[in-house]
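For the sequence shown, counting from 1, position 269 maps to 269 in the UniProt record's numbering; every step adds exactly one.
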Amino acid sequence: MADKLNITKSYLSVSSPGVHLVPNDNELARKIARECNAVAADAKARYPDRFGFWASLPLPDVEGSLDELAYACDKLNADGVAVETNAHGYYLGHQQYEPVWAELNRRHAVVFIHPTSPCVLEYTGSGLVDCQKAAPLAEFPNPIFEFFFDTARAVINLFYTGTIARYPNITYIIPHAGGALPSLIERFSRFGRAIPNLPVDKSVTPEFVRERLRTKFYFDMAGTAWPDQIPALLAFIGKDQLLYGSDYPFTPAEHVRLLADTMERCMPQVLETEHDRKMAYSGNAELLFRKQSEIAKLSSASSISTQGVE
1 MADKLNITKS
11 YLSVSSPGVH
21 LVPNDNELAR
31 KIARECNAVA
41 ADAKARYPDR
51 FGFWASLPLP
61 DVEGSLDELA
71 YACDKLNADG
81 VAVETNAHGY
91 YLGHQQYEPV
101 WAELNRRHAV
111 VFIHPTSPCV
121 LEYTGSGLVD
131 CQKAAPLAEF
141 PNPIFEFFFD
151 TARAVINLFY
161 TGTIARYPNI
171 TYIIPHAGGA
181 LPSLIERFSR
191 FGRAIPNLPV
201 DKSVTPEFVR
211 ERLRTKFYFD
221 MAGTAWPDQI
231 PALLAFIGKD
241 QLLYGSDYPF
251 TPAEHVRLLA
261 DTMERCMPQV
271 LETEHDRKMA
281 YSGNAELLFR
291 KQSEIAKLSS
301 ASSISTQGVE
């Protein structure tokens, strides 16, 4: 399919429901994460011009995630990490994730955030964590629209908890043109500080949110991003922050082709030059990962130099 759609290189990742499948079973999650990352790394090693990959982390298991992050980046040559919007109800800005974000920040990592079913976190009488997946309209599969809401919820949570402010070296990739996020950017950036006593980080202002969206975020065009979502998103970001995405294989091959046709038809109305369209299809991604590769080399050299000092 990649050849038919003129896709020269793909970045592999595990999307919903991630690798932590059973609440409180960290051992199983670590095993699944290691196996998934090994398979993806093998594809990259055998076909480096065709594949890269984002490593899966077994969140909400913090210790296991730190171990897997080090292994995937240092041993498997991962290009970044992929996380879900929440893991059994633990959203990405949860305070227990601070060590993970600190390490991602140290590594100047690329973090791909994929939506999953919204969850409500609960604690059982024994102290174990339980969660209830939310499906307000249970007759419809969550990926149709609940995923879009959870994308917005997760990104807003990262801003409100101050995670975005505390860890400025991280680059985020958000799929599906940000889901429901674009229509909420102005609202959450203003109202979070306007209502007294809300636990919203002091960094959250419209100016700060716009600056970080413009400098630290990329958005892919997977799904039904055209013709309506992209113009709304471009009110907050630049054309150089758009990336092609397919959502394959959860989106069947035939539908990927239909979405690609829609993209091809609608894109010239928004990205008027051939250069801008080429950059959205491939050039922006190439620049992003070239930059990340250079940063990783500098970071590695700095680490070696520091270790050599006594």
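Note that the Cβ used here is the ideal one computed from N, Cα and C, for glycine as well.
Classify Y172 as helix, strand or coil using the three-state DSSP reduction. strand
Mind the definition here: the stretch 188–204 touches the stretch 147–163 only if three or more C-beta pairs lie below 8 angstroms; say whether that holds.
yes
Taking the C-alpha atoms as reference points, what is the distance between G89 and A102? Roughly 21 angstroms between the two C-alpha positions.
- [ ] Put A41 into one of helix, strand or coil per three-state DSSP.
- [x] helix
Requested in this report: Specify the secondary structure class of A189 as computed by DSSP and reduced to three states.
Outcome: Looking at the sequence itself, residue 189 is Ser, so the reference to Ala does not match. Of the three classes helix, strand and coil, the one that applies to S189 here is helix, per DSSP.
Original post:
Near C36, what residues of its chain come up, given a Cβ to Cβ distance below 7 angstroms and the 5 sequence neighbours on each side ignored?
Top reply: V14, V19 and S56
Exercise for review: Would you decide whether D261 is buried or exposed? Buried here means 16 or more other CB atoms lie within 10 Å of its CB.
Suggested key: With fewer than 16 Cβ atoms within 10 Å of its Cβ, D261 is classed as exposed.
Might you give, ordered along the chain, the residues of its own chain that have their beta carbon closer than 6 angstroms to the beta carbon of P227, omitting 5 neighbours on each side? For P227, same chain residues with a beta-carbon under 6 angstroms away, outside a window of 5 residues either side, are C266 in chain order.
* **Among S183, A177 and L104, the one whose alpha carbon lies nearest that of I164** => L104
| field | Per DSSP, the bridge partner or partners of F159 | value | Paired residue(s): none; F159 is not in a bridge.
For a minimum of 4 consecutive residues, which ranges assigned as the alpha helix (DSSP H) are wholly contained in the stretch 34–84? 62–74
| Can you tell me where the alpha helix (DSSP H) with V204 in it begins and where it stops? | That residue, V204, is in no alpha helix (DSSP H); it is neither H nor E in DSSP.
Beta-bridge pairing of V120 - partner residues as DSSP gives them = Q132
Legend entry - Beta-bridge pairing of Y281 - partner residues as DSSP gives them: None; Y281 has no bridge partner.
query: Per DSSP, which one or two residues make a beta bridge with F149?
result: None; F149 has no bridge partner.
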